[in-house]
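Be aware that the sequence shown starts at 473, since it is given in the working numbering, and climbs by one per residue.
Yeah, the Cβ is synthetic: ideal placement off N, Cα and C, and Gly gets one too.
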Amino acid sequence: MLELEISHHFLHSMGVHLGICGMLWAVIVLAILVDLWDRIYTNKKLGKKVSSHKMRITIDKFTEYWRFMLIAFTIDTVLFIGFYLYHIPLLPYASMALCIVLLIIEIKSLYEHAKERKSELVQLNDLMQIVINATTSADAKDAIKSVSEFITKSRGAVQDNGQ
């Protein structure tokens, strides 16, 4: 029968393990909040409505990530106890790996927001050039048509985004 001796070393190791996991969880929460902030910034920059739907998505994302982090923590805890019995030091590798994966997902999301901002701004810049360069009546009609299409497209994106 194995006997688990709760020594000062065990408690210290467990504290380090829990501290690392806590820091990883804090990093994930921070990444989710940065992603939400960036989404709100992108919507405002593009003139799109900021809806409560995005907040629900953030909460859903948080709960989904939290479940994965708890699974990784459970795996790390089992490994920690098993390795401690055999006097092998172990860090929460599963939690660290999952944290890295989730951070990569959030970083990718930030890049997508930036790309969306740039694509809308480039279209707006092109539209402004069409309006500025309209010197004839035909050019003005084309410019009005382009502006109308852009506004219709932008409103459609806002309505799609608000669902």
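On the CB-based measure, 16 or more other CB atoms within 10 Å of its CB, does residue i come out buried or exposed?
i: A503; result: buried
i: H559; result: exposed
i: M495; result: exposed
i: I616; result: exposed
i: E578; result: buried
i: D507; result: buried
i: L505; result: exposed
Skipping 5 residues on each side, what residues in its chain have a beta carbon closer than 6 Å to that of residue i?
i: L574; result: I500, Y537
i: I492; result: P564
i: D548; result: P564, A566, S567
i: Q635; result: At Q635 the pLDDT is 44, less than 50, meaning the model places this residue with poor confidence and gives no usable figure here.
i: L562; result: L551, F552, F555
Rounded C-beta distance between residue i and residue j? I'm assuming under 8 Å.
i: S567; j: F552; result: With 8 Å as the limit, S567 and F552 do not qualify as a contact, their Cβ atoms being about 11 Å apart.
i: S581; j: L599; result: Not a contact, Cβ separation roughly 27 Å.
i: H489; j: P564; result: 6 Å
Determine the contact status of residue i and residue j, defining contact as a CB-CB distance below 7 Å.
i: K526; j: R589; result: no
i: T514; j: H585; result: yes
i: I541; j: W509; result: Position check: residue 541 holds Met in this sequence, whereas Ile was assumed. No. Outside cutoff.
Short of 8 Å in beta carbon distance, which residues of its chain neighbour residue i, apart from the five on each side in sequence? Order them along the chain.
i: I512; result: V522, K526
i: D638; result: Here the chain covers residues 473 to 635 and nothing more, so residue 638 does not appear.
i: R539; result: none
i: L596; result: F622
i: S591; result: none
Given residue i, which residues of its chain have a CB within under 7 Å of its CB, disregarding the five upstream and five downstream residues?
i: Y556; result: F482, S485
i: A612; result: A606
i: K533; result: I504
i: C571; result: L496, V499, I500
Could you give the residue range of the alpha helix (DSSP H) that holds residue i?
i: S479; result: Where S479 is concerned, there is no enclosing alpha helix (DSSP H), given that its DSSP letter is neither H nor E.
i: T549; result: 524-557
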